[in-house]
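The sequence shown begins at -3 in the numbering used here and counts up by one.
We put the beta carbon where it would ideally sit given N, CA and C, even for glycine.
Remember, it's a predicted structure, so these values are computed and weren't measured experimentally.
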Amino acid sequence: MSDEIAARLIEMGITLPQAAAPAANYVPYVISGNLLYISGQLPLEGGKVTVSGHLGKTVDVATGQRGAELCAINILAQAKAALGGDLGRIRRVIKLNGFVASAPEFVEQHLVINGASNLIAGVLGEAGKHARAAVGMAALPLNAAVEIDAIMEIAE
């Protein structure tokens, strides 16, 4: 991992966890050419979903943003595992796809996913600026409030 990225993580008080193992029949990431695809990550802490429920019903925006931050931390943990520990190989985060478990009247999914966007850009700097989607869903796995996947361009 580059010294600059490691310093940003320390400054932000973030310790990357071990990358979570898949919970079903899929792989946590795929590298194809110079692209890294990271499977959807949930707001896990200590192996447990810590932000659950529906935005606009049982979860407020600030808590949803924290859930999105946890998803982003888990995305970085998966990237670190995929890249042999070297997050400095990330040339660009191309896209984040954010899914927010939402009550029908909730329309602030974009604000929730800002939690992940801000964290990724804060850790990776210019390489962390990305395109994204923020979509409301009826439900997510394990009653998670947020799930986010990522596509990244990487150096060989």
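Taking 8 Å as the cut-off, the Cβ atoms of H50 and K91 do not count as close. Annotation for R4: G118, V119 place their beta carbon closer than 7 Å to its own, counting only its chain and skipping 5 residues before and after. Secondary structure at V108: helix, using DSSP grouped into helix, strand and coil. For the set L38, S113, E7, I150, the Cα lying nearest the Cα of G63 is the one of L38.
Uninterrupted beta strand (DSSP E) stretches at least 3 residues long and entirely within the region 47 to 103 occur at 86 to 97, given in chain order. Leaving aside the five residues that flank L115 on each side, the residues in its chain whose CB is nearer than 6 Å to its CB run, in chain order, E65, A68. When the Cα atoms are used, Y33 and I150 turn out to be separated by approximately 10 Å.
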